[in-house]
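So the structure is just underneath, and the comments pick up after that.
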Amino acid sequence: MSTLKYLTGYPAETINQVQQVITDERLSEILRKKYPQCHSVRTDKQLYEFTVALKNQFMSKAQPLSRAQYDSKIKVIQHALGQHHYITRVQGNKTKTVNEIKIASVFRIAPEAFLKMIVVHELAHFREKEHNKSFYQLCRHMEPNYHQYEFDLRLYLTHLDLYGELYS
1 MSTLKYLTGY PAETINQVQQ VITDERLSEI LRKKYPQCHS VRTDKQLYEF TVALKNQFMS
61 KAQPLSRAQY DSKIKVIQHA LGQHHYITRV QGNKTKTVNE IKIASVFRIA PEAFLKMIVV
121 HELAHFREKE HNKSFYQLCR HMEPNYHQYE FDLRLYLTHL DLYGELYS
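Going by full-length UniProt numbering, 27 is the number at position 27 of the sequence shown; the sequence numbering is gapless.
So, in structure tokens, the structure goes:
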């Protein structure tokens, strides 16, 4: 079932249900019904503003965000939807810290729920570096539907592999 590479680790029953949806050619219909339109966050500036708004709402005391941008070099195949970079540089007697978030450019055209889920995931790394229980609790605090959006995003990626773009 190479078509379901984004669903590895899910129970066999779930994978079988998704395979049936694909066989019945209903994946596009289901995704369009649940997520009828894509977001309007197209530029790096808009992505930065979107990310800062979420950070300020849920993590106002965390380190400041230096940059947020779309990155065409991130390969979704390698299980990276986005990346968080925390860099500390010493310049003379001053320490400069840079926090940046990069989102795979494939998500420039995607439902807002998916973009939010990815941004929330990367923001959670500001506090929790590892994918542990605290990390996912923080993700769910910022986005209560985090796990559902993550699963649906995996369906969306499967759709992109099988049929191409869902939105134009």
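Glycine included, every Cβ here is placed at the ideal spot set by N, Cα and C.
Predicted model only: the values in this text are computed from it and were never measured.
Buried/exposed call for residue i, threshold 16 Cβ in 10 Å
| i | result |
| --- | --- |
| residue 111 | buried |
| residue 73 | exposed |
| residue 116 | buried |
Beta-bridge partners of residue i, as assigned by DSSP
| i | result |
| --- | --- |
| residue 71 | 104 |
Straight-line gap, residue i to residue j (C-alpha atoms, nearest Å)
| i | j | result |
| --- | --- | --- |
| residue 5 | residue 49 | 32 angstroms |
| residue 131 | residue 19 | 28 angstroms |
| residue 140 | residue 92 | 40 angstroms |
| residue 128 | residue 134 | 7 angstroms |
| residue 100 | residue 11 | 34 angstroms |
| residue 120 | residue 94 | 30 angstroms |
| residue 24 | residue 38 | 24 angstroms |
| residue 22 | residue 148 | 19 angstroms |
| residue 29 | residue 118 | 23 angstroms |
| residue 151 | residue 8 | 11 angstroms |
| residue 63 | residue 41 | 23 angstroms |
| residue 66 | residue 97 | 9 angstroms |
| residue 168 | residue 36 | 12 angstroms |
| residue 16 | residue 126 | 36 angstroms |
| residue 105 | residue 13 | 32 angstroms |
Distance CB(residue i)-CB(residue j) smaller than 9 angstroms
| i | j | result |
| --- | --- | --- |
| residue 107 | residue 70 | yes |
| residue 27 | residue 163 | yes |
| residue 45 | residue 123 | no |
| residue 47 | residue 159 | no |
| residue 165 | residue 103 | no |
CA nearest to the CA of residue i, picked from the options
| i | options | result |
| --- | --- | --- |
| residue 60 | 42, 51 and 165 | 51 |
| residue 142 | 17, 57, 40 and 166 | 57 |
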